[in-house]
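Down below is the structure, laid out as structure tokens.
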Amino acid sequence: EPTTARPTPKPTPQPAMQVIVERDEPTTARPTTAAPTTARPTTAAPAPAAQTPGRPAADRKGSFLVIGDWGFDAGLHGNVGSVRCQQAIADKMLKKMEELGDVQFVINVGDSFYPHGVTGKGDPQWFAKWRNIYDEKLRSVPWYSVYGNHDFQHDPGACSAHPTDGAQINGDIDNKDFFYMPDYSWFKEHPELNVEVIGLELNHYVMGWNHGLKMHHFEDCQYTPCAAACKANAHTRALEAFHLFHSRAAQSQAKNLLVFSHYPTDYFSAAPHFMAGLRNSSKHHITYFGGHRHDVDQTTTTSIHPNVNWLVGGGGGWSCDGGNQGFVVGEISNDFQVTTYAELVDKDMCCAPPPKSPWKGASCGWLAKDNCINHDHVACSCRKMNPDGPCTPCPNSHKKR
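Note that our numbering has the sequence shown beginning at 35, numbered continuously upward.
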């Protein structure tokens, strides 16, 4: 859905976190089960030290892949013009998996099914956008997953407080027809790798790019049939996610924590306790992965030094917010050191300049595919400037007869 473009702020040093109006501190909420908004550019973080890829297999316990924001839809998408970008990334993932020979799992940070998610286990998008794109060998290992904001828009779990109502929820790790996601937030221990994986549901912070925002809410709830319940569920799930993270950071015996949600670290200025936890290296080495902004880098996020974090939203499903489209590889050495590095595809395959739009307004190139649902400032302005579009003007826009 159309949104207002935000200019990229000038890079600034990363001081102590800002004074926050809303602080979602961890609570005694129940521990979680073990086991279209366009992203905005943001301030740059200090560049991390380069990591060297490609340990020999004999010097490795195992490896994993990380991807996000990949479920391309031909009917509604950003400036990625076709499925060939997603397919090129999927093919490169397969090649890397075969090269490594010891991939244990794939971490998927969400926005798996643009533009509105899936409605159930029988939704044909499971085949069209996942099974038909990613080779069976890639799907022979668990895909450890969380929801992205788009994934919730038509998912029955948005309106329900019961995790089992979520269309992507699956607690059977042997069922490779679906992702492994036993709850909205969850953890999985890998003692053989000295690793614990922690997935967090943090869509409550979809507007976290705006560091001046006084109150957070899950903006995409406007696309569900239950906006109020959806927002309440998202807030509760965020509190549960933070509780789970802090609990596992305190209790886990793993040397390494692989933590992920749909959002990059710069979205959490309103959760300083979470950022402090991600920076804490006293007990674990933490590697954090987030998506939502459509690029693969370590320079546009907020640093969690001495720990490591990645933006992995360049999966080829929606748009190019930078030139890096691809995925991240993690390798775990025999002494349980985690090394991560990016694998990218040709920029021109994904990020070719779009054709000139016939519609008036710099932000109105999407108008030919306007579904009349969105009523924000951008949508209404574009309809007003383009009376020949498919929808009537605001308020109460609808398809023209």
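Glycine included, every Cβ here is placed at the ideal spot set by N, Cα and C.
In this structure, how does DSSP classify Trp220 when only helix, strand and coil are distinguished? strand
State the Cα-Cα distance for the pair Trp243 and Met309, rounded to the nearest angstrom. 15 Å
Applying the 10 Å Cβ sphere with the 16-neighbour rule, what's the burial state of Lys434? exposed
What residues are listed by DSSP as bridge partners for Ser367? The beta-bridge partner set that DSSP reports for Ser367 consists of Arg94.
Just to confirm the assignment: which complete beta strand (DSSP E) runs, minimum length 3, are found wholly within the segment 139 to 192? Whole beta strand (DSSP E) segments, 3+ residues: 177 to 179.
For the alpha helix (DSSP H) that contains His269, what are its first and last residues? Run containing His269: Ala261 to Gln285, per the alpha helix (DSSP H) assignment.
Cβ neighbour criterion (16 or more within 10 Å) applied to Asp422: exposed
Excluding the 5 residues flanking Val117 on each side, which residues of the same chain have their C-beta closer than 6 Å to its C-beta? Shown here for Val117: same chain residues with a beta carbon closer than 6 Å to its own, the five before and five after excluded, namely Phe106 in chain order.
Does DSSP put Phe252 in a helix, in a strand, or in coil? coil
Relative to the alpha-carbon of Asp382, which residue among Ser415, Gln359, Asn237 and Pro90 has its alpha-carbon at the smallest distance? Gln359
DSSP beta-bridge partners of Asp331: DSSP output for Asp331 lists Leu345 as bridge partner(s).
Do Gln138 and Phe98 count as a contact pair if the criterion is CB distance below 8 Å? yes
What is the DSSP secondary structure of Leu110, reduced to helix, strand or coil? Three-state DSSP puts Leu110 in coil, outside helix and strand.
So, at 7 Å on beta carbons, what are the nonlocal neighbours of Asn228 in its own chain, with the 5 sequence-adjacent residues on each side left out? The answer, listed in chain order, is Ala288, Lys289, Asn290 and Phe370.
Give me the DSSP bridge partner(s) of Glu230. By DSSP's assignment, Glu230 forms a beta bridge with Glu223 and Leu291.
At the level of alpha carbons, what is the spacing between Gly154 and Arg173? 19 Å
Helix, strand or coil at Phe212 [DSSP, three-state]: coil
For the structure I just gave you, are there three or more beta carbon pairs, one from the segment 132 to 150 and one from the segment 184 to 194, closer than 8 Å? Touching, per the Cβ criterion.
Keeping to the same chain, check which residues put their C-beta closer than 6 Å to that of Gly191; ignore five residues upstream and five downstream. Asp199 and Gly200
Measure the C-alpha to C-alpha separation of Leu247 and His411 and round it to an integer number of angstroms. About 18 Å.
Which residues does DSSP pair with Phe302 in a beta bridge? According to DSSP, Phe302 bridges with nothing at all.
At the level of alpha carbons, what is the spacing between Leu292 and His339? Separation of Leu292 and His339 (C-alpha to C-alpha, rounded to the nearest whole angstrom) is 15 Å.
Helix, strand or coil: which one does DSSP assign to Cys425? In the structure shown, Cys425 sits in a strand (DSSP, three-state: E or B).
Member of Cys398, His111, Pro259 and Lys265 whose CA lies at the smallest distance from the CA of Met249: Minimum Cα distance to Met249 is reached at Lys265.
Exposure label - Pro189; buried when at least 16 CB within 10 Å: In the sequence on display, residue 189 carries Asp and not Pro. Result: buried.
Following the continuous beta strand (DSSP E) through Ile320, name the residue where it begins and the one where it ends. First-last of the beta strand (DSSP E) with Ile320: His319 to Gly324.
In chain order, what residues of the same chain lie with their CB nearer than 7 Å to the CB of Met419, ignoring the 5 residues before and after it? Lys394, Gly395 and Cys398
Have a look at Ser415 and Glu133 and give me their C-alpha separation to the nearest angstrom. Distance between Ser415 and Glu133, taken at the CA atoms: about 50 Å.
Three-pair Cβ contact test at 8 Å for the segment 253 to 272 versus the segment 321 to 329: No, they do not touch.
Check for me: the alpha helix (DSSP H) holding Leu128 runs from which residue to which? Arg118 to Leu134
Hey, how far is the Cα of Glu365 from the Cα of Lys129? 16 Å
To the nearest angstrom, report how far apart His251 and Arg94 are at their CA atoms. 42 Å
Could you tell me the distance, in whole angstroms, from the CA atom of Ile232 to the CA atom of Ser391? Distance between Ile232 and Ser391, taken at the CA atoms: about 43 Å.
What is the residue span of the alpha helix (DSSP H) that Ala195 lies within? For Ala195, no alpha helix (DSSP H) encloses it, and the DSSP letter there is neither H nor E.
The alpha helix (DSSP H) with Val412 in it runs from where to where? His411 to Met419
For the candidate residues Asp217, Glu226 and His245, whose alpha-carbon lies nearest to that of Ala275? Out of Asp217, Glu226 and His245, Asp217 has the C-alpha closest to the C-alpha of Ala275.
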